[in-house]
Each structure stands twice: as structure tokens, then as C-alpha cells.
Amino acid sequence: MTAHTPHTQPFRDAQLPFAKRIDDLLSRLTLDEKIGFLHQFTPAVERLGIAAFRTGQEALHGVAWMGAATVFPQAVGLGATWNTDLVRRVGEAVSKEARAMRARDDRVGLNVWSPTVNLLRHPLWGRNEEGYSEDPKLTSAIATAYTRGLRGDHPTYWRTAPVLKHWLAHNSETGRDVTSSSVRPRVLHEYDLRAFRETVEAGATAGVMPAYNLVNGRPNHVSPYLREHLRTWTDDDLLVCSDAGAPSNLVDSEHYFDTHEEATAAALLAGVDSFTDHGTDSSQITARVRGALDRGLLTESDLDAAVRRQLSVRFRLGEFDPQYDPHALTRDFDTPAHRALAQEAAEQSVVLLRNSGGLLPLAPDTRLAVVGLLADECKLDWYSGTLIHRSTPLEGLYERFGAERVEFAEGVDRVRLKTSTGAFLHVPEAQALDDVRGAEGALDPALLSGRTDLPPLTCDQAGTELALVDWGEGVLTLRAPDGRYLSVAEDGRVRAGADQPGGWVVQETFRLEPHGNGHLLRHIGTGRHLSVAADGVRVAEADPEIFELIVVERGEDAVTRVASQADVVLVVAGNDPHINGRETEDRTTLALPAHQERLLRAARAANPDTVLALVSAYPYAVDPAAFPAVLWTSHGGQAAGTALARVLAGDVSPAGRLPQTWYADDADLPDLLDYDVIGGRQTYLYFEGTPLFPFGHGLSYATFSYADLATRTTDGSLHVSFTVTNTGDMAADEVAQLYSRAVDPAVPRPRRELLAHSRVRLEPGERRELTFEVPLSAFDFWDVTRGGWRREPGPHEVLAGASSEDVRLRTTVLLDGEPATPRPVLRHGLAAADFDDQSGVAIVDRTKTSGDAVTAAQGRTGELVYRDCDFADGVTQVTATVSGDGVVEVSLDGGPVLAALTFRAPEDADRYAYATLTAEIIAEGVRDVHIGLRGPLRLAHVGFSG
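Counted from 1, the sequence shown has number 820 at position 832 by the working numbering; the numbering is strictly sequential.
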């Protein structure tokens, strides 16, 4: 590599502004080199001394996929802390470990793909663990703190460059690359965009990643919102990285474009700068870009815009200024401070949901029975690093209370599997696992996956007693006595070869299917049944084995045995993050799996002093009244068990708060694909039922009083203050929450909406005044009649308290604003998507590049309502801009149909070929317009004239 001086290569001159240096470097790149920059894995440009680069390093709650690293609580657990300072410090630790890991392995990237700011609108979303909250204000506050930690405090050079995921309105895994989220303008602006916007405007974000799904009929990877919204929020160059495989989806699964050249050009023009596709092989993406250039779909200046944004990130990361980069020598990895921070984060994320009779905290001399499928587990998820340290709830309680005071029963069903020949399934002795341990000594399940040197299962007369767990919906795992899970390797043989279930395709899950007098055992990953032969057990297309399931001990019997002898029982229940609810797989119910319900019933029957600890990535619907105490924590990372034990013992007063609503029943939930939080009355903002536990809920071992609520308004802000006093007898944190509510709104507004919060530590008897400065824009809503924000003048309640439902103080403020005015339909008509109410409709794309239209869902019938339309002195004509086949019916105030406009598109017509239909209509004054859609036509606009 040839050395150059700054004089000959100005882009290496650290005294010049980044913009000038980027201009210089961009001018030196050839067209082929620029094309190479567009793939995730950018090759080196040796003639200029530029190293290879890749976008993307997972770092959601620790550095992931690159081996051992500090593992912090899941993102939803970090959200449950409601502590922005803590989350910023976690971000700092993660970014320092990324730098330290890169120093010894250049495969570790510094462009980190985190945090996830998708809102937790629906608790059955498989990726609930990845988000922070259902509320956009709390989500943006936590995400901003994490990105600030990831970025670092240096004014010029960033420690890592965080990319927000997943743009936009992404809350379902079911058909995630082909389903469309129908997002009305109010929901778009007030809900989905808001979490991204406030985080981007805070200035610590390097870019975003579009989601797999479509929004209003258009794939997110060609979304005009990238240009119309995202890049207007900041003057910084924002890098847009595609999600893996999504560029190809535009043609292969979504069929949105006919050719990959068209799709690649459209994505680049929409704002995608880096294409994550085909793994490390960049040849297909670069060929598509060259094809798009040859067809005139792209110009070199289009490429320059994308390459410039990539270079901006690389300059900010100090790549070209190693001598000035303050982070270049960072070596903080698995430090005592990081270990302590992991424990602090785990402790702060624990939420005490119920504590009847003061059963918690536990007395020091308590004889404790610890039971449950999660009691001796420290589960990882898809975006975890490999554990260096591990603390399960059982281990934490042994440490805190002493092993002699703690009895344990996992509660698995212990079974043997008998074959049709009378022999039993046998697991051979375990082999040494030294070759699958990383440099830090941690077992890496990924290295076990697919190993063919482990002995396959055989059959003998004694057989092996296996631990069987039904995780719900008939999904089973089977575990050998030494802790290894049965797994299917790449050669199709069944081996006891996994430390935990895991992987993109989980190879450790099975399903028992009744067959005659026995069962077939289907491997879920391959879809094939187990077959037994002389050389072992494998999955096969034919000759499935019929097994007899012999239960040696039922899990509830073991639970009953230890629970009846204890003072208090702790049942640790929850989920495995790789099973039934994860990326690619949504949940189907809020209910706990039946196996775990059996264990709960057994524990309660044996001992009424039963505490339920839910360790899960998402909410469950349980009966809290059945237990004197209930806690929840996400999978809390490497210190989860120590943290839970310290909370149970009262060493720490719990102060986690729920970042999303916990619903009592599946019937309370909307359809998973219904993204209209306003019309569907979703999340704590609009839900009108009684939640199991409300947003913001969480109890303490202390008590707190609120007083002295005061407000004053200055230019642009509402200043709010109140006092909180610890009236208990131990030091504890309180999470004070500030909400608002429009008193008499003209349009549906939230029942209450979070304005701000503060987590504050108070000693017994300590009183603290909390002050908040709330921008008056927080009271605005998106007014579809004018296509912009508006503040409704009049009374707004300001509410302070301990949760969205536990309001301790309230007052009313009168705010100035702009009064509502009727829609001037003679001037602008009605954009179809700007409705006030709807039923049975979906918003779709008006064209492939911009605009919305509305259609009847499933091509049947739909209704739209536009309120307070001003026809002035009268109109005599209505027009409808439509495509496709069907009828548009127009009526006023819910009365009879006044005009029916019918259109049938020519055969083979493009769905974006719109026609304008005209009919006579008589209307005057201010009226509500009702539009009926009949059939699969698309309505883009309705106009009126005199």
C-alpha cells in the first residue's frame, strides 16, 4: 500500500472539514469503485489506501453474534427501567466493547444496527423483546439515551455509529415481507414517525434501516417518507441500510417491480444507501446497479449521494484519522464496571406487579422452594452476545439465602421414549466440549449447531430419561440428563448437541403427533419425522418411528413435593426467546403454556404463599389475584439471577415500570395487522377496557406521596412542578410520570398521553421537587383537514402520578391554539386518505413513488367519513379519481346515496392508471361527507365544484 501525504490526498487532511474531505475522496473514486460501495461489504480501494468496510453490527443489548461480550437486559427490559441515564451508560459500555472487540477482530463492525424503536403496539408481536415501549415519548427518550451512549461524547469522532430499526410501522412477523400496514395520516405523524423523529433530532443517530413490510401498499425500502420526513429532521448525512435480503424481496416475494434493476434503482432513488443482500457476495447487487445505469434508471450523481452518506459515517468513526480518533485505543471489555452495570440494569428493570399482604421482601430466614422452567435458566435471544458470566434465579437465590435454605424442582416432565421394537431412545455419554468454548471460556451454542462429530442417538433396553418441556402450541424440547438438548444436525442425525435452543432455524424443537397407540415425533425445523435405524436416529421422509411416551415423573409432582415443605414458593415462569414468539414468528395468545399453568396450580395448591416471577420477552395474561406477589422481568442478561434475588430479599426496592399495557384477555387485542391505534382503540393511549396492569405500573417496597402541583406557561413551553416524598422506611426509586389529556377534543384524542417522566432516588422521609419543561407542541395533533399540526385551544388536563392509571395530582391549563375550521372542499377537495373515520378500508399506494389511495379491504365494501366539509353556497358536481373496478357512493350526513360513480378499468390496465369520474350532486353549507366503496377499486381523491 502506497503512503500519501495530505497534500496529495486532501481527504486525509484532518484540518479540513469533513464535507471538503468527502468531496475530495468522492472525486477520486471511479464509477466501479462507487458501485462497490453500495453493497454491505464494501471492498478496499487499495490505490487510495482505503480499507474494506461493512455496515452492520448487531448491538441491541450488548455486542451480538461475535462471541463473548457483556450481556445486558433485553431492550424491553431497558425500557422498563424508565431510566435514561442508566440506558446511556449501557450504550457507552456496549460501544466500548465494540471498539475493544474490533481491536482484536476486524470483523466486528462500528456501524451498529441498534436500537430498535418500533413501538410495542401489539403484545403478540414476535419481536416484542427488541422494542422499548408502546409509547412514542418513552421510546424516543430511551432510544435517544442509548444512541448517545453508542455515539460517545466527542464533538467530532463517534465511538460507534448507530442505525435505528425498523422504518416504519413494523409490528408483525406474520408475512412480514408481503403484508402492508395501513397507516392513516394521524397515526403516521402522531405515533409511528414520532419515535424516530425525536431520536433523530437529538443528533446521535447515524441512520435508519427500513423494515421488511409495506406501508400503505408500498415497500418501506422505496418509501417516500425517507425523503419527505426522515432527511428533513436533521442536517446530518443519514445512512439508510437495507434489511437483509429486502432489496431482492422487492421482486421475488413482493412482486412490486418486474426486474431487479428497476427495484434497485427505485430503492436507491428513495434513499437506500447500503444494500444488505446475498451475504458477503456483492456481485449480484453491483450487477443490478450496473444494469440500472445501462438502462438509464440511475445516474452517477445518484450513486454519489449514497456513497457520500457512507463516507460521512466512516469519517465520523475516525477511520481516516486514527491519530486523532479518541476511541481508537479503547480496550474496555468485560470490566468490573461493565459487570456492575449489567447487574444494575437488571435490578432496575424488575417490575413488582402485585404484593398483597407484604409477602415481599422475603425474610432472611425464609425456607424457599424455587420451581419452574425458567428457575435455573439464563436465556439468550437472537440478538444476544455469548455469555461470559451467568446467573440464573436459582443461582442468585443460593448465593443470597444459602443453598441450605433453598430447594429446587424444575418441573419438567421426565420421560422415556419406547420404540416399536421395545427398545428405548438412548443418549450416549457427552463428549468434551472444550473445542466449542470461546476465548473467554463461554460455551457458544452456535458452534454446536450442525456438528456431526457428536455421537448420534441410539436405542437400548434401559434408555435415557429425558426432560420434556411443552413450550405451548405443542412445541417441545427434549433434554438429556447432562443438560444437552436433542438437536438435528446438518446430516439429519439426531444428537444431544445443543446447550440451548437457538439459531435462525431452531433445530431443538419437536412435536408429538398422536398415531395409533403411540406418537410420531416430528422435528419442526425440517418438518420431518424421526426414524430409527441400526446406525442411529435421524429425520427421514419415510418409515417414521412410532414412539410410546412413558412418563417417569410429571413436573407438577416434583413441584408439589418441594413446595409443601417451604415457607414461600417462587415459581419462575416465562418463555424461551427462540420458541413461540421471536423474529419471523408472532405469538398466538397471551396465555401461559399449559405445562406452566400445571406447575402454577400445583405450587398454589401445595403452598398459598406462592410468588410468581415472570421472566419473559413479552406480557402474559395471568390471574394476579391467585398469587400474593407477582413480578416481571425481561430476560435480564448475565446478572439476571443475582438481580432478581436481591429484589426478592429487599436489598433493592423494585422500581421498574411497565413500558406497555398488559391486557387481561386475548379478546382485548386488535387484529395483529390492524395498525390504526386510534380507530382500533389500541395501547394505553386509546384502550377503553380494564387492563390487567396499566402502562407505567410498578410497585415499590416504599411508599410515596405527591403534592404541590404547579404550572405556568411561557413562550413555547409549559412548566410543571410537583413534589414527591418517600413516606416509607427504606431508600427507593420512584418513577414520577406526567401525562396530559385534552378535555373536550373535537376529534378522538388519547385518554392520556405521556409528556415526561423522572426516575428519582429518595431516602426515607426525603422530599424532592421535580420540574419539567414541556414544549407546547406536545399538545398538538395532526389535523387532516389542513395536512399539518394544530393545537386545539381550550382546557387540557395535566396529570401527575405513579402510572397512567394511578394519578395522584391533576390540574387544568387553558392553552391557546388555532380553532377548527370546516374543510374548504371547493378549493382542495378531499384526499381519500384524509378521512376522520373508516370501516373496512385499507390505505394503498397511489403510485409506486408517492401518494396514497384508499380501497375496500379484501376488495369488498368500505366506508369513509369526512366531517365538517364546507360546501359554501352550494355545489352541483362531484368527481372521483379512481382506478380498478367498482363503485364510489357519495352521501351526506349518513343519508341516502346522492351519487354512485361506477368505473371498470380496461382489461390489463395498470392499477396506477387513474380516471376521473363525474356525477351531479346538490350540497350546501357544512356537512359530513360519507363515501362508500364497493369492489376492488382505488379511490385517490374526491372533488367538488359549483
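Even for Gly, the Cβ is constructed at its ideal location relative to N, Cα and C. Quick caveat: nothing in here was measured; it's all calculated off a predicted structure.
Secondary structure at tyrosine 900: coil, using DSSP grouped into helix, strand and coil. In the three-state scheme derived from DSSP, where H, G and I count as helix and E and B as strand, arginine 740 is classed as coil.
For proline 783, the beta-bridge partners assigned by DSSP are Leu802. Alanine 907 sits in a strand when the DSSP states are folded into three classes. By the CB criterion at 7 Å, alanine 255 and tyrosine 200 fall outside the cutoff. Shown here, histidine 209 sits in a helix according to DSSP, grouped into three states.
CA-to-CA, the gap between cysteine 229 and glutamate 793 works out to about 40 Å.
Take the alpha-carbon of threonine 759 and the one of histidine 707: they are about 7 Å apart. Judged by pairs of C-beta atoms under 8 Å, the stretch 87 to 99 does not touch the stretch 70 to 77, as fewer than three such pairs exist. Taking the C-beta atoms as reference points, arginine 779 is found no nearer than 7 Å to aspartate 771. Nearest to arginine 645 by C-alpha distance, out of Tyr651, Gly625, Thr621 and Gly629, is Thr621.
Looking at the DSSP output, valine 203 shares a beta bridge with Ser169 and Arg206. Threonine 649 and proline 682 do touch by the CB rule: their CB atoms are close to 6 Å apart, below 8 Å.
Close CB contacts of aspartate 654 within its chain, under the 8 Å cut and outside five residues either way in sequence, are with Thr577, Leu578, Ala579 and Ala609 (chain order).
Taken atom to atom, the span from the alpha-carbon of lysine 153 to that of glycine 390 is near 43 Å.
Here the stretch 701 to 721 makes no contact with the stretch 667 to 686; the two share fewer than three CB pairs at distances below 8 Å.
Looking at the DSSP output, lysine 406 bridges to Phe412 and Glu536.
Contact annotation: the stretch 814 to 829 does not touch the stretch 784 to 801, with fewer than three C-beta pairs closer than 8 Å. Here serine 372 is buried. Its C-beta has 16 or more other C-beta atoms within 10 Å. In this structure, DSSP gives alanine 357 an extended state, which the three-state scheme calls strand. Pairing valine 203 with leucine 156 gives a Cβ-Cβ distance under 7 Å. As DSSP reads the structure, tryptophan 370 sits in no beta bridge.
Judged by pairs of C-beta atoms under 8 Å, the stretch 493 to 510 does not touch the stretch 361 to 369, as fewer than three such pairs exist.
One alpha carbon belongs to serine 300, the other to valine 82, and they sit about 22 Å apart.
Rounded to the nearest angstrom, the gap between the Cα atoms of isoleucine 567 and threonine 699 is 49 Å.
Only residues of its own chain outside the window of five on either side were considered, and among them Trp146 have a CB closer than 6 Å to the CB of arginine 304, listed in chain order.
Under the criterion of beta carbons closer than 8 Å, serine 791 and glutamine 846 do not qualify as touching, at roughly 39 Å. Remark: fewer than three beta-carbon pairs, one from each stretch, lie closer than 8 Å, so the stretch 46 to 62 and the stretch -6 to 14 are not flagged as touching. Residue pairing by DSSP places glutamate 529 in no beta bridge whatsoever.
In the DSSP assignment, glutamate 501 falls within the unbroken beta strand (DSSP E) covering 498 to 503. With respect to the 7 Å criterion, threonine 69 and serine 271 are not classified as neighbours on the basis of their beta carbons. For asparagine 714, the secondary structure class from DSSP, reduced to helix, strand or coil, is strand. The Cβ atoms of serine 475 and glutamate 496 sit closer than 7 Å to each other.
Alanine 720 sits in a strand when the DSSP states are folded into three classes. Rounded to whole angstroms, the separation of the alpha carbons of valine 151 and glycine 191 is 12 Å.
Using a Cβ-Cβ distance cut-off of 8 Å, the stretch 91 to 105 and the stretch 27 to 46 are in contact, since at least three pairs of beta carbons, one from each stretch, lie closer than that value.
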